[in-house]
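Reviewing the structure listed below.
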Amino acid sequence: MERAYSKNVIPRKFQVVDLVLSMTLHIQRRLPAEKFTPHWEGPYTVTQTFNNGTYVLVDEKNSEFGPVNGKWLKRYYA
Numbered sequence: 001m002e003r004a005y006s007k008n009v010i011p012r013k014f015q016v017v018d019l020v021l022s023m024t025l026h027i028q029r030r031l032p033a034e035k036f037t038p039h040w041e042g043p044y045t046v047t048q049t050f051n052n053g054t055y056v057l058v059d060e061k062n063s064e065f066g067p068v069n070g071k072w073l074k075r076y077y078a
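Read in the UniProt record's numbering, the sequence shown has 36 at position 36, and its numbers run on one by one without any break.
Right, here's the structure in full:
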């Protein structure tokens, strides 16, 4: 069962200086939200990476955000 699931999972790995979007807290915590509430916020720039899959992010105003688990991030294409 695990093997069938794992073959379709693509690991998310980001490098320093990559642009990413972060999933909003109401989605992470499964809280109710209005119909048109955005699910992603950002873009953020990755400034640090750790071996356990967490990342430290910086927004456009250079305020630090994180550490954030990589499962809550997706690449931002600009």
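The beta carbon of each residue, even a glycine, is placed where N, CA and C say it ideally should be.
- Message: My output table needs one value for Gly66: the three-state DSSP class, helix, strand or coil.
- Response: Against the sequence shown, residue 66 aligns to sequence position 66. Three-state DSSP puts Gly66 in a strand.
- Item | DSSP bridge partner residues for Tyr55 (one or two, in chain order) | Within the sequence shown, the letter at position 55 stands for residue 55. Looking at the DSSP assignment, Tyr55 forms a beta bridge with Thr49, Val68.
- Task: Note down the Cα distance separating Glu34 from Asn52, rounded to an integer number of angstroms.
- Result: For the purposes of this step, residue 34 is taken as residue 34 along the sequence shown, with counting starting at 1. For the purposes of this step, residue 52 is taken as residue 52 along the sequence shown, with counting starting at 1. Approximately 33 Å, taken between the alpha carbons.
- Message: I need the boundaries of the beta strand (DSSP E) containing Leu19, first residue and last residue.
- Response: Numbered from its first residue, the sequence shown carries residue 19 at position 19. Looking at the DSSP string, the run of the beta strand (DSSP E) that includes Leu19 is 19-23.
- Item | Glu2 - DSSP class collapsed to helix/strand/coil | For the purposes of this step, residue 2 is taken as residue 2 along the sequence shown, with counting starting at 1. Note: Glu2 maps to helix in three-state DSSP.
- Task: Going by CA-CA distance only, name the one from Leu57, His26, Pro32, Arg3 that's closest to Lys74.
- Result: Taking the first residue of the sequence shown as position 1, residue 74 is located at position 74. Nearest of Leu57, His26, Pro32, Arg3 to Lys74, Cα basis: Leu57.
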